[in-house]
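Residue numbers (this note's numbering): 401 to 757.
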């Protein structure tokens, strides 16, 4: 705005009404203004002068500003005779719009319009760069949070599983050592049990490493990773996981989205195994007619009250639900969770193949 006003060095320049509009949702928000509606106002349906300028991608002039409905909502129409809308565009993408109005019909001379047009080009570049920087900052924060969550999850799993098991093994080894002197056969049985516990712990650690970074996901894709996850769940925990998916169903889905789909599938399967007492877990991956991917994970477990668990963020199951929802939002996905006590659980994730990553 200061740059635009600086280019209008003229008598009565202080009377110019100005509004800077930035895209938000399906409309525009008033990010900054002078002699206009308070900042934060949202213009949901731009029309008149503003719509014409945005459609053409060019500076647009109007000499009936007082009757323009969009200018009225922005507080620019009252007392104004003329108005100008400068679209702020970079690489064909609308980054915003600069709207100016004045009570003097002759205020916007040809030279001033040329200066505003040049300022519009510069403004489009500036806003584009600012948006890119912000998106990079958001992506950086997302990556950092994902890494931190992976560390927290690994710490929880190690604490709940191998750490306690190894502590128990140490105690039982001490007991077996004392038992050898009194009852050799009992000691041998204890050692045999400890051997099986150690093997099971090894399987659990390998399973954790797989879910932490499934190399098969990078080398062979999402479907192969889901089949291997099902195999490891059966091998490690004896959990029946049934996968149904065509091998090419994830074609065209970039690796970042495949990773999110895998994470949500793994989280849903893990929750069903830990909390639902499910005998069977079914995983289906399908392509939609709208060029998207649908993941469905359902189980025959005990089910739960979704609203009650969702409201209690301190519960482990609730944390898992929050994590799944946050991950789905990162790829512009939609997550549905359906469950009721005694009726199992059904989790559906819809992810567009193209778009935000």
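Backbone N, C-alpha and C define an ideal beta-carbon position, used for all residues, glycine too.
This one's a predicted model, so the numbers in the text were calculated from it and none came from an experiment.
Q) Got a sec? Which residues, its chain only, sit under 7 Å from residue 625 by beta carbon, not counting five neighbours each side? A) Excluding positions up to five away in sequence, the list reads 614, 616, 617 and 662.
Q.
Please tell me whether residue 683 and residue 665 are closer than 8 Å, where the distance is taken between their beta carbons.
A. Going by beta carbons, residue 683 and residue 665 fall inside the 8 Å limit.
(Q) For residue 639, which residues in the same chain have their Cβ closer than 6 Å to its Cβ, ignoring the five residues on either side in sequence? (A) Counting only Cβ-Cβ distances below 6 Å, and skipping sequence neighbours, we find 633 and 673.
Q: Enumerate, from N- to C-terminal direction, the unbroken alpha helix (DSSP H) stretches of 4 or more residues contained entirely within the segment 575-642.
A: Every unbroken stretch of the alpha helix (DSSP H) spanning 4 or more residues and falling wholly within the segment 575-642 is given here in chain order: 584-612, 615-620 and 622-637.
Q) Mind checking residue 724: buried by the 16 CB within 10 Å criterion, or exposed? A) Only buried fits residue 724, as 16 or more other CB atoms lie within 10 angstroms of its CB.
Q. What residue from 601, 620, 741 and 479 has the CA that sits closest to residue 567's CA?
A. For residue 567, the nearest C-alpha among the options comes from 601.
**Q.** Terminal residues of the alpha helix (DSSP H) in which residue 454 lies
**A.** From DSSP, the alpha helix (DSSP H) with residue 454 extends over 448-456.
Q. In three-state DSSP terms, what is residue 490?
A. In this structure, residue 490 counts as strand in the three-state DSSP scheme.
Q. Counting Cβ pairs closer than 8 Å, one from the segment 475-485 and one from the segment 423-439, do we hit at least three?
A. In this structure the segment 475-485 touches the segment 423-439; the number of beta carbon pairs closer than 8 Å is three or more.
Q: Please report the residue range of the beta strand (DSSP E) in which residue 739 lies.
A: Start and end: 734-739.
Q | Local conformation of residue 722 per DSSP, three classes | A | In the displayed model, residue 722 falls within a helix according to three-state DSSP.
Q.
Less than 7 Å between C-beta atoms, sequence neighbours within five positions excluded: which residues of the same chain meet that for residue 767?
A. Outside the modelled stretch of the chain, which goes from 401 to 757, sits residue 767, for which no answer is possible.
Q | In DSSP terms, what residue 428 is bridged to | A | The partner list for residue 428 (beta bridge, DSSP) reads 423 and 443.
Q: Rank 649, 681 and 668 by C-alpha distance to the C-alpha of residue 643 and give the top, closest one.
A: Ranking 649, 681 and 668 by Cα distance to residue 643 puts 681 first.
Q: Classify residue 764 as helix, strand or coil using the three-state DSSP reduction.
A: With the chain represented from 401 up to 757, any question about residue 764 goes unanswered, as that position is not in the structure.
**Q.** With 16 other Cβ atoms within 10 Å as the buried cut-off, status of residue 573
**A.** Exposed.
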